[in-house]
Each structure stands twice: as C-alpha cells, then as structure tokens.
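In case it helps, my numbering puts the sequence shown at residues 28 to 165. Only one structure is covered here, and it is reproduced in the block below.
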Amino acid sequence: MKKLSEYIFFWALGGCIYYFFEILFRGFSHWSMFVLGGICLLFFYIQGSLLHWKEPLWRQVLRCIIFVTAMEFITGIIVNKWLHLEVWDYSGLPLQLFGQICFPFIVIFSGLCLVGIFISGYLSYWLFGEEKPSYHIL
28 MKKLSEYIFF WALGGCIYYF FEILFRGFSH WSMFVLGGIC LLFFYIQGSL
78 LHWKEPLWRQ VLRCIIFVTA MEFITGIIVN KWLHLEVWDY SGLPLQLFGQ
128 ICFPFIVIFS GLCLVGIFIS GYLSYWLFGE EKPSYHIL
C-alpha cells in the first residue's frame, strides 16, 4: 500500500508540474499533458529507485529522455492524430517526426528530465524514507 501511495503521489506531482509548466510557457495546456507529465515523473522515480540512485546521471538522463520522447510520440499519435484534439504540432520545427516530436523539444525535455530525477530522488527520501540518492556524473 505504501508503494501505491508513492506512485500516486509522483504521478500527481508530475502531472501538476508539467501542466503548470505548459500554462506558464504556452499560456494553456490539456488534460492529456497532466497524464503524460505524471507518467514521466513516475518513470523517473521508478528507474532511480530500482537502481538505488547509484547509476551515473548521464545514463539516467539518457534513459529518461528516451522514455519521455517515446511517450510524447505515442501520446501525440493518440491525441493529435487519432482523436484530432490538436494539442500540439511541431511540423514547423526542425528535425521533427509527424509533427509529434522534434529535436529542439528533446533538448528542452532533457533538462526537465534532469530536474525530475533530482525531484523524485530527494522527495522519495524526504517524504517516504526511501534510500538517499547519491548522484554522480560518471
């Protein structure tokens, strides 16, 4: 039961953070971004926790970037292409794929991944008594 409450906490926190991040920088968001942000922060927490926060940061960030990019692509195909909700369209940006993912946003998300790894690691330690993260670059 404790793990379930941690998972719900990180999912809801990730959803809130990403939803408000979009409001701040785009002026609007969509409920699907809450779901996606929650899934991503939950992934950051799980991957770090499973590896006891001991893997080099560059590997954690790379793993999270791949996950976030894949989830953004899948979410984009569902909400933008299948459901025609037109939440975002990267068609005008360089190095894009079907307007759903693009290189400039992968770079932006890499920074968010790093922040999310730190947030999830320290919050799991401070709030839930989990193992204290020990981050290192190499």
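Cβ coordinates follow ideal geometry from the N, Cα and C atoms, glycine included. Since the model is a prediction, treat every value here as computed from it, not as a measurement.
Option nearest residue i by Cα separation, candidates the options
i	options	result
Val114	Leu124, Glu99, Gln123 and Leu120	Glu99
Gly138	Leu77, Tyr34, Gly65 and Trp85	Trp85
Thr96	Gly41, Phe136, Phe125 and Ser118	Phe136
Leu120	Lys30, Val134 and Leu110	Val134
Gly42	Cys67, Glu157, Leu150 and Leu122	Cys67
Ile128	Asn107, Val142, Gly148 and Gly143	Asn107
Leu141	Gln87, Ser32 and His111	Gln87
Gly91	Gly156, Lys29, Phe145 and Tyr34	In the sequence under discussion, the amino acid at residue 91 is Cys, which differs from the Gly named in the question. Measuring from the Cα of Cys91, the nearest candidate turns out to be Phe145.
Cut-off 7 Å between Cβ atoms - residues of its own chain near residue i, not counting five sequence neighbours on either side
i	result
Leu165	Pro83
Ile50	Ser56
Lys159	Tyr152
Tyr15	Coverage of the chain is limited to positions 28 through 165, which leaves residue 15 absent and any answer about it impossible.
Trp109	none
Ser147	Phe37, Leu68, Phe71, Tyr72 and Gly75
Other residues of its chain near residue i: CB distance less than 8 Å, five sequence neighbours each side excluded
i	result
Lys29	Phe155
Residues of its chain near residue i, where Cβ-Cβ distance is below 6 Å and the 5 sequence neighbours each way are ignored
i	result
Leu112	Val106
Ser118	Gly126
Minimum length 4: unbroken alpha helix (DSSP H) runs contained in the region 46-133: 58-77 and 84-103
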